[in-house]
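Contents: one structure, followed by commentary.
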Amino acid sequence: MEIIIQQSDRAASVLAAKIVAAKVRQKPDAVLGLATGDTPLMLYEELVAMHRNEGLDFARVTTFNLDEYFGLPEQHPSTYRHYMEEYFFKRTNIDLRRTFLPVSAGRDVEADCRQFEEKIKECGGIDIQILGVGQDGHIGFNEPSSSLASRTRIKTLTQETRKNNAKFFSSPDEVPKHCITMGIGTIMESKQVLLLAFGSKKSQVVAQLVEGPLTAMVPASILQFHPQAKILLDDSAAAQLRRRDYYEWVYSNKPNWQKN
Ligand code: GLP
Numbered sequence: 005m006e007i008i009i010q011q012s013d014r015a016a017s018v019l020a021a022k023i024v025a026a027k028v029r030q031k032p033d034a035v036l037g038l039a040t041g042d043t044p045l046m047l048y049e050e051l052v053a054m055h056r057n058e059g060l061d062f063a064r065v066t067t068f069n070l071d072e073y074f075g076l077p078e079q080h081p082s083t084y085r086h087y088m089e090e091y092f093f094k095r096t097n098i099d100l101r102r103t104f105l106p107v108s109a110g111r112d113v114e115a116d117c118r119q120f121e122e123k124i125k126e127c128g129g130i131d132i133q134i135l136g137v138g139q140d141g142h143i144g145f146n147e148p149s150s151s152l153a154s155r156t157r158i159k160t161l162t163q164e165t166r167k168n169n170a171k172f173f174s175s176p177d178e179v180p181k182h183c184i185t186m187g188i189g190t191i192m193e194s195k196q197v198l199l200l201a202f203g204s205k206k207s208q209v210v211a212q213l214v215e216g217p218l219t220a221m222v223p224a225s226i227l228q229f230h231p232q233a234k235i236l237l238d239d240s241a242a243a244q245l246r247r248r249d250y251y252e253w254v255y256s257n258k259p260n261w262q263k264n
């Protein structure tokens, strides 16, 4: 794990955007794994700005989102498809036919999940997976106790996650109880992972996922096993890290040949 602490959420998002942009420039048909929630909004803003100002080209890029609510009508404004269109897709030249979210009409959920996984494989796997983290340690919608080897499937949200996500709905009761999410095993197969976490409300879970034991009760702790995981934090999200000085020392002494 590489722990990168920046002064602000903006600075950390700029850094994440530069890593994504470098990949897209080097591999124009890159496969990106995308996340939703508040955390990646600035990252998308930066990528949109790079598209407009520097001609960053998404025409051949393929995207797979981590998760989607189950049971919301397609035209509902709180779907993650809608979020992605609003903040990223419609502001770039991405080809919507190459944007995938784990959805199911409900007739054969398992087959739809399998198909999503097959599509990822068919595209050569995910080059960079963007992740946020829930305060309970969930990644995607893999809530605590999710199998660390899980694949894309239907999950039941915790009441806490439903409450946190109520901000994207007109009333808390409207938040679906179920979702479809990439599994933890699926996420772990992506070639590189960028997990972003900002603000003091994430400081405890950040300490758990970086320095705590590997446990299904903190699904994000599985990233300790990922060979290419960067954890991008702002100052307040890093506040409870015991070895913060060391991570800052490592980052400031990173050899040039190792910069990526
Ligand atoms: C949501 C999403 C996650 C996201 C997390 C954190 O439930 N499914 O992918 O990372 O919660 O959300 P936020 O970034 O708004 O704190």
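Per this note's numbering, residue 5 is the first one in the sequence shown, and the count goes up by one each step.
For glycine and all other residues, C-beta sits at the position ideal for the given N, C-alpha and C.
Next item on the list: Report yes if the C-beta distance between Gly129 and Ala153 is below 8 Å; otherwise report no.
Entry: For the purposes of this step, residue 129 is identified with residue 125 of the sequence shown, where counting begins at 1. For the purposes of this step, residue 153 is identified with residue 149 of the sequence shown, where counting begins at 1. Taking 8 Å as the Cβ cut-off, Gly129 and Ala153 do not qualify as a contacting pair.
Note to self: Looking only at its chain, what residues have a beta carbon closer than 6 Å to the beta carbon of Arg166, apart from the 5 residues adjacent to it on each side?
What the structure shows: Within the sequence shown, the letter at position 162 stands for residue 166. Excluding residues within five positions, the ones whose Cβ falls inside 6 Å are Val179.
Next item on the list: Go ahead and label Ala115 buried or exposed: buried means 16 or more other beta carbons lie within 10 angstroms of its beta carbon, across all protein chains shown.
Entry: Indexing the sequence shown from 1 puts residue 115 at position 111. In this structure Ala115 is exposed. Its beta-carbon is surrounded by fewer than 16 other beta-carbon atoms within 10 angstroms.
Margin query: Would the region 192-205 count as touching the region 89-108 if we require 3 or more Cβ pairs under 8 Å?
Written below: Here the region 192-205 does not lie against the region 89-108, with fewer than 3 beta-carbon pairs under 8 Å apart.
Note to self: Here's a check: name, in chain order, each residue in its chain whose Cβ is nearer than 8 Å to the Cβ of Ala63, leaving out the five neighbours to either side.
What the structure shows: Residue mapping note: residue 63 aligns to position 59 of the sequence shown, counting from 1. Closer than 8 Å at the Cβ level, and outside the excluded window around Ala63, lie Pro32, Asn97, Ile98, Asp99.
Check: Got a list of residues with beta-carbon closer than 6 Å to any non-hydrogen atom of the ligand GLP, in chain order?
Finding: Those residues placing their Cβ nearer than 6 Å to any heavy atom of the ligand GLP are, following chain order, Ala39, Thr40, Gly41, Asp42, Thr43, Leu70, Asp71, Gly136, Val137, Gly138, Gly144, Phe145, Thr165, Asn169.
Item checked: Which listed residue (Leu218, Leu237, Thr40, Val222) has its alpha carbon closest to that of Gln298 -> Residue 298 is absent from the model: the chain starts at 5 and stops at 264.
Note to self: Can you look up Ala170 in the DSSP assignment and give me helix, strand or coil?
What the structure shows: Residue 170 sits at position 166 when you count from the first residue of the sequence shown. In this structure, Ala170 counts as helix in the three-state DSSP scheme.
Notebook entry, point to check: Is the distance from the Cβ of Leu60 to the Cβ of Met54 below 8 Å?
Noted result: Numbered from its first residue, the sequence shown carries residue 60 at position 56. Numbered from its first residue, the sequence shown carries residue 54 at position 50. Their beta carbons are under 8 Å apart, which means Leu60 touches Met54 by this criterion.
Next item on the list: Just list the alpha helix (DSSP H) runs in the region 100-127, keeping only unbroken ones of 4 residues or longer that don't cross its boundaries, in chain order.
Entry: Every alpha helix (DSSP H) of 4 residues or more that sits fully in the region 100-127 is shown, in chain order, as 113-126.
Next item on the list: Tell me whether Asn257 sits in a helix, a strand or coil according to DSSP, three-state version.
Entry: On the sequence shown, residue 257 is found 253 positions in, with the first residue counted as 1. Here Asn257 carries a coil assignment [DSSP, helix/strand/coil].
Check: Is DSSP giving Asp42 helix, strand or coil here?
Finding: Stepping through the sequence shown from its first residue, residue 42 is reached at position 38. Three-state result, Asp42: coil.
Note to self: Please determine whether the Cβ atom of His86 lies at a distance below 7 Å from any heavy atom of the ligand HEM.
What the structure shows: In the structure shown, the ligand HEM is absent; the only ligands present are the ligand GLP.
Next item on the list: Please list the segments of the beta strand (DSSP E) lying wholly inside the region 28-91, counting only runs of 3 or more residues, in order along the chain.
Entry: If only complete runs of 3 or more residues are kept, the region 28-91 shows the beta strand (DSSP E) at 35-38, 66-69, 71-73, in order along the chain.
Next item on the list: Would you check if the distance between the CB atom of Asn146 and the CB atom of Pro77 is smaller than 8 Å?
Entry: Position 142 of the sequence shown, counting from 1, holds the residue named residue 146. Position 73 of the sequence shown, counting from 1, holds the residue named residue 77. Cβ distance not < 8 Å, so Asn146 and Pro77 don't count as in contact.
Margin query: From the DSSP secondary-structure annotation, give me the bridge partner or partners of His230.
Written below: Against the sequence shown, residue 230 aligns to sequence position 226. The secondary-structure analysis by DSSP pairs His230 with nothing; it has no beta-bridge partner.
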